[in-house]
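Sequential numbering of the sequence shown, starting at 10, is according to the numbering used here.
In this text, a Cβ means the ideal position worked out from N, Cα and C, and glycines have one as well.
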Amino acid sequence: MLNFSHQGRQYDVENLLTPGCSEFLRFLFDHEYVRPAFFSAGVRDRNDDLGKKVVQMLIDTGGKSDWIDRYDVYSREDCLDTTRFRSSDREYYAKLQPENFFGNYKKDLRMIHYGPETYYQMVRNMFEDKSALVPDPEKDDEMLKNIILVEEDPSYVVLGQQKNMLLSPTYHHPRPYLINYQGEDTPFDSKDEIYGFKSANTIFYAAGVLDRAFERYLSEDKTLPNILWEEQGEFWYHRDEKRFPDHFFTRGRDVLRKYNPELNFAVAGSESESDLESD
């Protein structure tokens, strides 16, 4: 339960950690060369409290105490709000938008490289000097070579930063309710992709892709963004029918089970099962 104030109003909000979420964060923290960050388009008052509570929960259940100083939180206030552009600036505005991935708010990863204060000044300068934040592929590739955005919504991506995004299926809670899968296979039904297995197990997919990317990063002379693109970028960017390959879900489950051997995929329970439980 989160309790926070925003713009003079008090909020009490319950948040759900999806199956595999805490194990995924442990997986990230266990890699000493990784600095995890939460980047949500929610307001800062909410996100700061949520991030702290989640990391403290991980520490209280066996994590290292120094994790509390080894993460960052970014929020709506850190996004590039393109609605602030005048209608006369639409030509410049278009330079931030990847084809087919329009979005008003952009999670510009250059903000992480420069630091929030420097980036905010660049945004202020942008309204006088349109060149301040125009994407520069050669320069941006170098400064962002160690930054990855795990995201469900590609509309947040800035033009030129597609390779930095690990796009996972958008999460949908199984209906009528969630149960733990009992099998060891991958119960994927191609006829129910949008609201089925893949959308209920987005964390497993991200873990599988990152585990493969880290493995290659330590053995190949390639940047993480380029490895990510080779493994999954072309599929999602061109909306290929092969996007979100099945084997990454299975690999992700194997990785996350190192932190919780009982963990398994989330699937939808049936109405008949619900009736039996209530009898």
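Strand pairing of GLU160, partner residues [DSSP] = Paired residues: LEU176.
Cβ pair GLY29, LEU265 closer than 8 Å = yes
request  = Within the same chain, show all residues whose beta-carbon is closer than 6 Å to that of LEU153, passing over the 5 residues directly before and after it, in chain order.
outcome  = LEU118, ASN173
task = Using only alpha-carbon positions, find the residue among ARG35, THR91, HIS15, MET120 that is nearest to ASP54.
result = HIS15
task = Could you please give the first and the last residue of the uninterrupted alpha helix (DSSP H) stretch that includes ASN56?
result = First-last of the alpha helix (DSSP H) with ASN56: 53–69.
request  = Counting only the same chain and skipping the five closest in sequence on each side, list residues whose C-beta sits under 7 Å from that of ASP87.
outcome  = Answer for ASP87: MET120, PRO125, listed in chain order.
ask   = Under the DSSP definition of a beta bridge, which residues are partnered with HIS15?
value = Bridge pairing for HIS15: ARG18 [DSSP].
inquiry  = Taking the straight line between their C-alpha atoms, what separation do you get for ILE77 and PHE213?
reply    = For ILE77 and PHE213, the distance between alpha carbons rounds to 24 Å.
request  = Decide if ALA103 is buried, meaning its Cβ has at least 16 other Cβ atoms within 10 Å, or exposed.
outcome  = Exposed: under 16 other Cβ atoms inside 10 Å.
request  = Could you please give me the residues that DSSP links to LYS115 through a beta bridge?
outcome  = Looking at the DSSP output, LYS115 bridges to LEU89.
inquiry  = Since TYR165 and TYR129 should fall inside the 8 Å C-beta cutoff, what is the C-beta to C-beta distance between them, to a whole number of angstroms?
reply    = Not a contact, Cβ separation roughly 18 Å.
query = Using the beta-carbon count (16 or more within 10 Å), is GLU23 buried or exposed?
reply = exposed
key: Nonlocal neighbours in the same chain, by C-beta distance under 6 Å from SER232, ignoring five residues either side   = It is Thr, not Ser, that sits at residue 232 in the sequence shown. The residues are LYS154.
ask   = Would you call the region 62–78 and the region 238–250 touching, i.e. three or more CB-CB distances under 8 Å?
value = no
Given GLU240 as reference, the closest of ASP230, LEU227, ASP220 once Cα atoms are compared = ASP220
request  = Following the continuous alpha helix (DSSP H) through LEU37, name the residue where it begins and the one where it ends.
outcome  = 30–38
request  = Take the Cβ of LEU25 as the centre, count every other Cβ of all protein chains shown within 10 Å, and call the residue buried at 16 or more, exposed below.
outcome  = exposed
request  = Could you tell me the distance, in whole angstroms, from the CA atom of GLY242 to the CA atom of LEU176?
outcome  = 8 Å
query = How about ALA141 and PRO183: do their beta carbons lie closer than 8 Å?
reply = no
task = Quick one: grab the DSSP three-state call for VAL264.
result = helix
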